[in-house]
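Residue numbers (the working numbering), protein chains in the order written: chain A, 3 to 142; chain B, 27 to 99. Backbone N, C-alpha and C fix where the C-beta goes; we use that ideal spot for every residue, glycine too. The structure presented is a predicted model; accordingly, all values stated were derived computationally and were not measured. I have placed the structure first, in the form of structure tokens, so that the comments after it can refer back to it.
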Amino acid sequence: MSFREKIHWATLATMILAFGWYFLVYPWQIVGSPAGVMATAGLLVPVTIAIIAAMTVATGFLAIRSPRDADAREDERDRSFHMRGTHFGYYPLVVGIWLNIFLIFRDIGQAEQLNLMIATLVVAELVRIGTQLYFYRRGY
Amino acid sequence: MARPPFTNDIRTLRFLAGEMTQGDLGDRVGVTRQTIAAIEQGKYSPSLEVAFRIAHVFGKPLETVFQWDETGD
Chain A
3 MSFREKIHWA TLATMILAFG WYFLVYPWQI VGSPAGVMAT AGLLVPVTIA
53 IIAAMTVATG FLAIRSPRDA DAREDERDRS FHMRGTHFGY YPLVVGIWLN
103 IFLIFRDIGQ AEQLNLMIAT LVVAELVRIG TQLYFYRRGY
Chain B
27 MARPPFTNDI RTLRFLAGEM TQGDLGDRVG VTRQTIAAIE QGKYSPSLEV
77 AFRIAHVFGK PLETVFQWDE TGD
């Protein structure tokens, strides 16, 4: 398994854990009130710190274990899988944005919009990373 | 998952070239060891440039390294 593939696995696990925790502990009973926006901000700070910390540790650990691989530049296979992942990740992003636009006209609250945007971004990222990992595993 | 409609003799050519490793070939071609392994296993279809670079490393024409497989895709 290449260094980049390992990093993608670490990113996938980190995203699932961090945002899984976010959506689990979010106080959904206040999502319709102004306090819901502050709750989003309050939870995004530890989530962001946790993601940065986890990815720093994972990258450092993997780079120490295989420094040669860590120094290697992205080759054409990596770039090809990256492009395909971005391509597939684009669709949930567009669907989420259109859903958000539609719901704004239905007068949803700011915190609901925020959470929908976060969910859209998370799903798009998971699809992007998942697609890359799929191609790394299955090939072609 | 579909396979590329061609096979290759990279593994044999590496062996004949003094048991060259996948990593050595990757370094000379400009791709990672894992990409060479994927090409050998038919799990990745390389660009024309990389295919030519691989053939160039072995000093062989392209069709000696890669062969069109009529039974393939």
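7 Å Cβ cutoff, Gln60 of chain B in contact with chain A: yes
Inside the region 18-86 of chain A only - alpha helix (DSSP H) runs reaching at least 4 residues: DSSP runs (the alpha helix (DSSP H)) wholly in the region 18-86 of chain A: 37-67 and 69-73.
Chain A contacts made by the region 70-84 of chain B, where a contact means CB separation under 9 Å: Shown in chain order are the members of the region 70-84 of chain B whose Cβ falls below 9 Å from a Cβ of chain A: Tyr70, Ser71, Pro72, Ser73, Glu75 and Val76.
Buried versus exposed call for Arg17 of chain A [16 or more other C-beta atoms within 10 Å across all chains shown]: Here residue 17 of chain A is Met; the residue named in the question, Arg, does not match the sequence. That one is buried.
Rounded distance between the beta-carbons of Phe84 of chain B and Val76 of chain B, thought under 8 Å: In fact, because the Cβ distance is near 13 Å, the residues do not count as touching under 8 Å.
Whole-angstrom distance between Phe5 of chain A and Trp23 of chain A, CA atom to CA atom: 27 Å
Rounded separation between Val49 of chain A and Gly44 of chain B - CA only: 52 Å
Test item: CB-CB of Ala113 of chain A and Thr13 of chain A under 7 Å: The Cβ atoms of Ala113 of chain A and Thr13 of chain A lie no closer than 7 Å to each other.
Own chain, CB closer than 7 Å to Phe32 of chain B, minus 5 neighbours either side, in chain order: Phe92, Gln93, Trp94, Asp95 and Gly98
Per-residue contacts from Ser4 of chain A into chain B (C-beta, under 9 Å): Thr58, Arg59, Gln60 and Thr61
Neighbourhood of Ile131 of chain A by C-beta, 6 Å cutoff - its chain only, sequence neighbours within 5 removed: The beta carbon of Ile131 of chain A lies closer than 6 Å to those of His10, Thr13 and Leu14 in the same chain, with the five residues before and after it left out.
Leu105 of chain A to Leu95 of chain A span [Cα, whole Å]: Their backbone Cα atoms lie some 15 Å apart in a straight line.
Interface residues of chain B facing Tyr142 of chain A [CB-CB closer than 9 Å]: Met27, Ala28, Arg29, Pro30, Ala64, Gly68, Lys69, Tyr70 and Ser71
Proximity test, Cβ basis, 7 Å: Ala74 of chain A and chain B: Judged by the 7 Å Cβ criterion, Ala74 of chain A is in contact with chain B.
Whole-Å CB distance - Phe83 of chain A paired with Tyr138 of chain A, under 8 Å assumed: With 8 Å as the limit, Phe83 of chain A and Tyr138 of chain A qualify as a contact, their Cβ atoms being about 6 Å apart.
CB contact below 7 Å: Glu114 of chain A versus chain B: no
Minimum C-alpha distance to Gly52 of chain B - residue among A:Asp77, A:Arg86 and A:Arg81: A:Asp77
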